[in-house]
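Worksheet for the structure shown next.
Residue numbers (the UniProt record's numbering): 1 to 159.
Written as structure tokens, this is what we have:
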């Protein structure tokens, strides 16, 4: 059975969390290249039409990367800087000045009952470095669950 978008999302989330956690509090530049994500050819800008000539559609991996990072921003796990003025891509794939938010850091600093010793951020970073895909997906699932519960408490939703 092939991997699903959810599996790919969890894996990419783990990789992004690992980079942000290890760099915290220093902001980092996130792009497909930092995660060895293959990208479609960008083409060349035509100043007359204002379009890119010869560009290819984004790869599946590029879409997973871009939408995963954007989701992490939209849901408050991380923040990033803005793009240069006038730069409005149809798919944002570069995220300058990326950093965990308080919610993201709290989530990754949580120590699950099953481990009692190592934070989720440390687990995610170690799993990302070792290439342990299953451990990375499991730790990300737990981190996002903890984040959802914390957000629910913040919003006054009973548990």
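By construction, the Cβ of each residue, glycine as well, lies at the ideal position given by its N, Cα and C atoms.
| Item | Value |
| --- | --- |
| In angstroms with no decimal places, state the Cα-to-Cα distance between residue 109 and residue 103. | 10 Å |
| Can you list, in chain order, the residues of its chain whose CB lies under 8 Å from that of residue 62, leaving out five sequence neighbours each side? | 32, 37, 38, 39, 40, 91 and 93 |
| What three-state label does DSSP hand residue 128 in the structure shown? | helix |
| Does the beta-carbon of residue 129 have 16 or more other beta-carbons within 10 angstroms, so that it is buried, or is it exposed? | exposed |
| Report the rounded CA-to-CA distance for residue 144 versus residue 107, giving the unit in angstroms. | 8 Å |
| Can you name the start and end residues of the alpha helix (DSSP H) that residue 30 belongs to? | No alpha helix (DSSP H) contains residue 30, which is instead part of the beta strand (DSSP E) from 28–30. |
| Is residue 18 near residue 127, with beta carbons less than 9 Å apart? | yes |
| What is the DSSP secondary structure of residue 95, counted as helix, strand or coil? | strand |
| Report the three-state DSSP secondary structure of residue 83 (helix, strand or coil). | coil |
| Could you pull out every residue in the same chain whose Cβ sits closer than 6 Å to the Cβ of residue 29, ignoring the five residues on either side in sequence? | 96 |
| May I have the straight-line CA-CA distance separating residue 139 from residue 47, to the nearest angstrom? | 47 Å |
| What is the DSSP secondary structure of residue 134, counted as helix, strand or coil? | helix |
| If you drop the 5 nearest sequence neighbours on each side, which residues of the same chain put their C-beta closer than 6 Å to that of residue 24? | 100 |
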